[in-house]
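First up is the structure itself, then whatever we jot down about it.
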Amino acid sequence: MTISSRGAKKLLINHCQLRTTANWTLSKTISLPRLTWNFHRPSLHNSTPQACANNTKLQFRSLILPPDRASESQRDPVPPTTGWNDADLITENMLRSGFRSWGLVIYRCTYKSDSDWEEFMRRYLYHVHHTLEYDDGLDLLPYFEPTVMDDKTRFDGVTPAIVRDYFNQWARTACETEQGVSFHRASRAMSARYKLCLMVDEEALLSVLNGPDVDGYNATGFVRLINGRWEPEFLTEEENEAYGGPTPENNFEPVMGCTLEHVGWMNICYDRAQIGPCAHIRCEGTWWNLYIRPPKMAFFF
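Spelled out as structure tokens, the structure:
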């Protein structure tokens, strides 16, 4: 059994009431404006990768195409400094990568309460819709395909390092199945779907539920954003001798057992966790520029 064969729930966001089907059941119906959870793949996904990559006007006819130059965006609002808002950037990343869908994988790593998880997902998905609506980007919703990895036997209480291993194993086959591209190409694409993933453990879950509801300002609610391409870096013996003291990687408080400055993941505000990375983290260099060491929380998106 592969990772994606059990517990990988595909969620298609549409413009109606939130409900659930298939084997990820919720104990109640949650009202959320113009959103639906289900597991039916849109007809868009029945087309070939070649059509997706080579005929964007036909394949993505419902999308507002990103501007060629600053200040030419068809969306509102348009940031005056760039001329691109987040919906523009996500569209650009998807089209340049030749992808048919976008969205980060979410790993559920806490199973103390199904009702708490339902409430977390309600808040989380509300902000996806709300942010796209603000950016005049609702045309992206039919292509939004988050995947929830929900398997207590595999993921309950695990660390980010273990989630990274599971994610990379999933990404190696999912990119071919979902987009029709090789993992080598997908890992270097502008789209973040096969490079980054989200992790929600008990601490992260409670940080969201103990904060204000969706209409309040979020200053404490976070999820963990994991860099699937990250590898630990250590100084050589020569560099250690030149440093003349305790090595830098041992000068930091342990975070889930890691004393390196760069631990390969960070806490980011949950209400921007999907849109922000998908729009802005296009390459490894962007990750390092935006990285903030846990337990601090990043608000940069």
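Per UniProt numbering: the sequence shown = residues 1 to 301. For each residue, glycine too, the CB sits at the ideal point set by N, CA and C. Here the structure is a predicted model, which means the values were calculated and not measured.
Between F144 and K152, what straight-line distance do the alpha-carbon atoms span, to the nearest angstrom? Within the sequence shown, residue 144 is the residue found at index 144, counting from 1. Within the sequence shown, residue 152 is the residue found at index 152, counting from 1. F144 and K152 have their C-alpha atoms roughly 25 Å apart.
Put I292 into one of helix, strand or coil per three-state DSSP. Here residue 292 refers to the residue found at position 292 when the sequence shown is read from its first residue. If DSSP states are grouped into helix, strand and coil, I292 belongs with coil.
With distances taken between CB atoms, is the gap from I275 to D156 smaller than 8 Å? On the sequence shown, residue 275 is found 275 positions in, with the first residue counted as 1. On the sequence shown, residue 156 is found 156 positions in, with the first residue counted as 1. It is not a contact, given that the beta carbons lie outside the stated cut-off.
What does DSSP give as the partner residue(s) for W265 in the beta ladder? Translated into positions along the sequence shown, residue 265 becomes position 265. W265 pairs with I226.
Separation of F252 from V69, as counted between CA atoms: In the sequence shown, counting from the first residue as 1, residue 69 sits at position 69. In the sequence shown, counting from the first residue as 1, residue 252 sits at position 252. In the sequence as presented, Val is not what sits at residue 69; that position holds Arg. Distance from the CA of R69 to the CA of F252, rounded to the nearest whole angstrom, comes to 43 Å.
What does I106 pair with, by DSSP beta-bridge criteria? Taking the first residue of the sequence shown as 1, we reach residue 106 at position 106. Beta-bridge pairing links I106 to V148 and L198.
Alpha helix (DSSP H) containing Q179: first to last residue? Locating residue 179 in the sequence shown gives position 179, counting from the first residue. It spans P160 to Q179 - the alpha helix (DSSP H) in which Q179 sits, taken as one unbroken run.
If Y107 sits next to C197, beta carbons under 8 Å apart, how far is it from one beta carbon to the other, in whole angstroms? For this step, residue 107 is matched to residue 107 along the sequence shown. For this step, residue 197 is matched to residue 197 along the sequence shown. Y107 to C197, Cβ: 6 Å. Contact.
Ends of the alpha helix (DSSP H) at F183? Position 183 of the sequence shown, counting from 1, holds the residue named residue 183. F183 to A186 is the span of the alpha helix (DSSP H), which, as asked, contains F183.
So the candidates are C278, M266 and E284; which of them puts its Cα closest to the Cα of P160? In the sequence shown, residue 160 corresponds to position 160, counting from 1. Nearest C-alpha to P160: M266.
Buried versus exposed call for D201 [16 or more other C-beta atoms within 10 Å across all chains shown]: As a working mapping, residue 201 is identified with position 201 in the sequence shown. With 16 or more Cβ atoms within 10 Å of its Cβ, D201 is classed as buried.
For L63, the nearest candidate out of V128, G180, C283 and G137 (CA to CA): The residue given as residue 63 occupies position 63 in the sequence shown. When only C-alpha atoms are compared, the closest one is G137.
So, with DSSP's three-state summary, where would you put M297? To locate residue 297, count along the sequence shown from 1; it is residue 297. Correct three-state label for M297: strand.
Cβ neighbour criterion (16 or more within 10 Å) applied to Y166: Along the sequence shown, one-based indexing puts residue 166 at 166. So Y166 ends up on the buried side.
Suppose only complete runs of 4+ residues qualify. What are the alpha helix (DSSP H) ranges in the segment 71-105, listed by chain order? Complete alpha helix (DSSP H) runs here, min 4: 86-97.
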